[in-house]
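Inspection log for the structure reproduced underneath, given as structure tokens.
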Amino acid sequence: MPSASRIRSFFRNLLHRQAVEQQLDSEFISCLEMLRREKIATGMSPEEAGRVARIELGGEDQVKEKVREVRAGAWLQTVLQDLHFGLRMIRHNPGFSALVVLTLALGIGANTAIFSVVYGVLLRPLPYARGADLVVLHQYAHKLNLNDVPFSVKELEDYRQNHTLDGIVEYHSMSFLLLGQDSAERVQTGVVSNNFFTVLGVKPLLGRAFLPSDEMPNADAVLMLSYDYWQRHLGGDRNIVGRVFHMNDRPHTVIGVLPPIPQYPDENDVYMPTTGCPTRSSKAFIANRDSRMMSAFGRLKPGVKLATAQADLSTIALQLEQAYPKTYPKDYGYGLLASPLRQDLTRRARATLLVLLGAAGFVLLIACANVANLMLARVLKRERELAIRNALGASKARLVRQLLTETVLLSLAGGGLGLFVAPWAMQLLVKFAARFTTRAAEVRLDSHVLIFTFLISVISGVLFGIAPAFSSTHQLNDALKQAGNQSSTSRGGQRLRASLVVAQVMVSFMLLIGAGLMMRSIFTLESVDPGFRADRVLTMRLSPNFTRYNDNKKATALMQEVLRRVNALGGVESAAIASSFPFNPGGIVSGPNQNLVQVQGHSESGDAGAMVDTMNAGPGYFETLRQPLIAGRTFSDHDDDKAPTVAIINQTMAAHRFPNEDPIGKRISFDKGENWIQIVGIIGDAHEYGLAKTPEDSVYLPAYQAGFGSRLVMRTAVDPLSIAGTVRSTVHSIDPQIAIDQVNSIERLQQESVASPRTTTILLSIFALLALAISATGIAGVMALSISQRSHELGIRMALGQSRRSIVQMLLHQGLSLAAAGTILGIVGALALGRLLASLLFHTSASDGMTFVAVSLVFLSVAGVACLLPARRITLIDPSSALRQE
Amino acid sequence: MAQEQTTLLQGTLDLLILKSLALEEMHGLGVARRVEQITGGTFQVKPGSLFPSLHRMEEEGWLSSSWGESENNRKAKYYKLTKTGRRQLETETERWQKIALAIGQALAT
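As you go down the protein sequences, you meet chains B and U in turn. Heads up, the first sequence is in the working numbering, so the first residue is 399 and it goes up one at a time. Heads up, the second sequence is in the working numbering, so the first residue is 702 and it goes up one at a time.
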């Protein structure tokens, strides 16, 4: 514990350095003068006295240095000196410094950007009160391969009997028509239990949140607005609370506005209590244990561990299984899984982000190795300077510290510059991450990210400084003994540089393999045949006010009228109505729906194989998409509610369910045999849920028999999006209260569906190319240095008759053996790390032979060029001058 | 072992400096001469160790300094014991006596 007086001295020494030094000077001068007079008094001549006094006082500078060393804050002075000297060295080598700073800025900037995304998405605490205690509930049936079955009202009531959660929240999202004065707008509505915001710990920005009284059977309908919707559609009106909108033919009053936080589970425009949703509040829906639609989550009671809650909930699941054997047959493998909300929110982003963070980290490592090599070469030139300083009294530790100060200064400058690069890269990354998780909205450059950048800058500086610093102080004494300007080629330094190059090659090879595998995977993915013609198809969603089209007849009439008018439009070749279409983004997110189907005459298996996806398609749908008919017929205008119920199945289902018979004419049932539907056709498989998803058993039902199909699908003669406006006004000429949204072309949606693996591939490729370029310059640098250091030896070789050609071959051999060693290590590393990438690959093995061979070839060719470029310098060597040097 | 020796020696020098300043304020050279005098010439204090010690003790707050005129009218930096310094002199003296006694006993056996 320093005394108060020592602390005062610390600041005086720091702030009034000059005054303190001046006093020390005066003290010395006066002391010297007194000594001199003492000597004169003993009878010495003035000159003699001055000399003796000086000797007695000792080396003035050394004594002063000793005084300085005991001063408070002496260490700080040393650091400041080091910094001062470091800055001077950096200024004196602007080219070198700029190269180092730029290299590091790229590396650190990339890492900062990716870390900010990783931090925002994976690490930052959820923006909800005690977010770590939130758990999501998943109902599963292992034997049916179902792991996220929605909940029914009855099931939620049962699970609310648990002892470990503070309330279970239910949620589902629907889109409703929000009718204002003169507009119809489709709004995504979160339908929630009244405790939704309380359990999340979200306080409204305006007004109030839901109360239990809002969820009573006869309560007035109320709404809460999301921040985004309030801002974009209602102009952020602060008097919005109390405004009345019409929804589902009831007045809904706005009671509050949410703060701008990432929403869970989805982004919604508005929220309403369960009593506001006509489906959810119907008596039949509530009473039916099999009417499943909702997701559920809850909050662990204080002090309760996840495992305890899991055990508690599993007990209830077991009780349900026993109480309702019909709903939960023993062989379904029914159960309930509670998983942390944070994990659930970011599950899809985790692998990709970690792979990218790893790749960025590798690039930085390679950059550090390269800078270390540059430093080594430069330190070699300064060996004599360092040796002299050592001889003049600077300790080796002091020299190491000095060199490290220089490298850390350089890398902090790199980090600072990197911070300017990062936001630009971050913008791209946030858009990318938003494909995986709603948390992307939380990404920003905050103090955590800045601390990260600072730390990796310092660590990089130490990393690339440590090897040169120690190698240089190793043989200081030798350096002084060297004659002339030719500095030594210390064997240790050579070996160190060689191993740095091997390490660089290894890591960049691994990155190249990663990028190569991703490329191969995306090519494979993009060459998958979607099963229909995706070009020139326009789609949009129509949402009529259903209170006006409340029976099948009115709905069918509307669909037919829309089709008649749209088909008459100039640019439209054909049009159809359906409930969905391939690459529909909503479908890709939710995946195929799972319906238990029974085939007449087949035994009931009740396992995963009994599940089929269903979709409604109107007449002309398959023709419009050019989905090929394999057998039987497609739907016609006559397949309406007066005609017998029919279905079309896809090829996969035909092969799977009817391996040895003709499915046409067979009958299937979705309600355990109450109603039978006849199969009238087999259609080619289409990749409804994305190219990566293998088509599963699918049943298509006629739109006119199944109710309304909300998707209008049109094959156009022209650029599909160019006629969207015409189609929109045509539909509105039938009924202006039909909301139209999600206008897009299937081709664009198909591209969109592979956009995230494509972006991952592009990012990895950029990293890999960067790494390749850095390593290539590393190899070239080492070769160039080795040639200039060996010019003397090479000159003698030439003088003795060795041809330039064979010298080049010798050097090439030397350089390529480094590259080959790195490549071999890289192959081993890539095989070991391949597993991490496997989850991102589509139909591509992580040890894909072709990729490894191709990448090795590319790599060795680049390494060869990198070796040959500096070999030109050999022609500059003059054998006679090499001989004269001796 | 070596460490202990230097601390002992440094402690000794501190004690001698404090002691020589106990009566009156003095400049650096004066302190050196006084130490020589009171130890009967046993200790020759070199400026190389005197000045760092003086400055350290001043920073610790045991000594204070001021500029004054020397005996032959030269400007010189004078050192003076502070209250803390006087207390330090007492503790150091006590400690030294304990050590001297212990070592004396040890050597007598």
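We treat Cβ as the ideally placed atom computed from N, Cα and C, and that holds for glycine. Only a predicted model underlies this, so the values are computations on that prediction, with no experimental measurement involved.
Asked, Found
"Residues that Pro1017 (chain B) bridges to, as DSSP identifies them", "Answer is none; Pro1017 (chain B) lacks a bridge partner."
"Min CB distance Ala807 (chain U) to chain B below 8 angstroms", "no"
"For Asn993 (chain B), the residue or residues it bridges with in DSSP", "B:Val1010"
"Neighbour flag for Ser793 (chain B) against chain U, beta carbons, 8 angstroms", "no"
"8 angstroms Cβ cutoff, Glu725 (chain U) in contact with chain B", "no"
"CB of Val465 (chain B) within 8 angstroms of CB of Leu772 (chain B), strictly", "no"
"Residue(s) in a DSSP beta bridge with Trp768 (chain U)", "U:Lys778"
"Beta-carbon proximity list for Ser885 (chain B), same chain, < 6 angstroms, skipping 5 on both sides", "Below a pLDDT of 50, predicted positions are generally treated as unreliable, and Ser885 (chain B), at 47, falls in that range; no measurement from the model is reported."
"Under 8 angstroms between C-beta atoms of Leu734 (chain B) and Tyr726 (chain B)", "no"
"Classification of Ser925 (chain B) by the beta-carbon crowding that lies within 10 angstroms, buried from 16 upward", "exposed"
"Own chain residues within Cβ distance below 7 angstroms of Val418 (chain B), not counting five before or after", "Arg410, Asn411"
"Chain U contacts made by the stretch 737-753 of chain B, where a contact means CB separation under 9 angstroms", "none"
"Pick from B:Arg522, B:Val769, B:Asn616 that is closest to Ser1173 (chain B), judged by C-alpha positions", "B:Val769"
"Within chain B, partners of Asn773 (chain U) - CB distance below 8 angstroms", "Met432, Arg435"
"Contact belief for Arg775 (chain U) with Ser428 (chain B) at Cβ below 8 angstroms, rounded distance in angstroms", "6 angstroms"
"CB contact below 8 angstroms: Lys781 (chain U) versus chain D", "The structure shown contains no chain D; its protein chains are B and U."
"Contacting residues, own chain, Cβ-Cβ under 7 angstroms from Ile659 (chain B) (five flanking each side not counted)", "Pro525, Val600"
"Identity of the residue in B:Phe513, B:Glu583, B:His570 nearest Asp1139 (chain B) by Cα", "B:Glu583"
"Per DSSP, the bridge partner or partners of Gly1079 (chain B)", "B:Gly1030, B:Ile1046"
"Short Cβ contact (8 angstroms threshold) for Leu535 (chain B) with Phe683 (chain B)", "no"
"For Arg746 (chain B) and Ala1090 (chain B), the rounded distance between their alpha carbons", "15 angstroms"
"Phe818 (chain B) classed as buried or exposed, judged by whether at least 16 other C-beta atoms fall within 10 angstroms", "exposed"
"Under the three-state DSSP convention, the category Thr725 (chain B) falls into", "coil"
"Coarse secondary structure for Ser885 (chain B), derived from DSSP in three states", "Note that Ser885 (chain B) scores a pLDDT of 47, beneath 50, so its modelled location is shaky and nothing firm can be said."
"Neighbour-count burial assignment, Leu719 (chain U), 16 or more Cβ in a 10 Å radius", "buried"
"The stretch 796-816 of chain B contacting the stretch 487-502 of chain B, beta-carbon criterion three pairs below 8 angstroms", "yes"
"Range of the contiguous beta strand (DSSP E) that encloses His482 (chain B)", "Careful: His482 (chain B) lies outside any beta strand (DSSP E), inside the alpha helix (DSSP H) at 472-490."
"Contact check, Leu544 (chain B) vs Leu603 (chain B), beta carbons under 8 angstroms", "no"
"Segments assigned alpha helix (DSSP H), at least 4 residues, entirely inside the stretch 596-659 of chain B", "625-632"
"Chain B residues whose Cβ lies nearer than 8 angstroms to that of Glu761 (chain U)", "Ser401, Ser403, Arg404"
"Validate contact between the stretch 952-971 of chain B and the stretch 1108-1121 of chain B using beta carbons, cut 8 angstroms, 3 pairs", "yes"
"CA-to-CA distance, Leu764 (chain U) to Arg787 (chain U), given in whole angstroms", "9 angstroms"
"Neighbour flag for Gly882 (chain B) against chain U, beta carbons, 8 angstroms", "Any answer about Gly882 (chain B) is weak, because its pLDDT of 45 lies below 50 and its placement is not dependable; what the coordinates show is given next. Chain U, which has no Cβ nearer than 8 angstroms to the Cβ of Gly882 (chain B), makes this no."
"Pair within 8 angstroms by beta-carbon distance, Gly1224 (chain B) and Met904 (chain B)", "yes"
"Contiguous beta strand (DSSP E) assignments of at least 3 residues, all confined to the stretch 1104-1159 of chain B", "1109-1114, 1137-1143"
"Distance, Gln475 (chain B) Cα to Asn788 (chain B) Cα", "19 angstroms"
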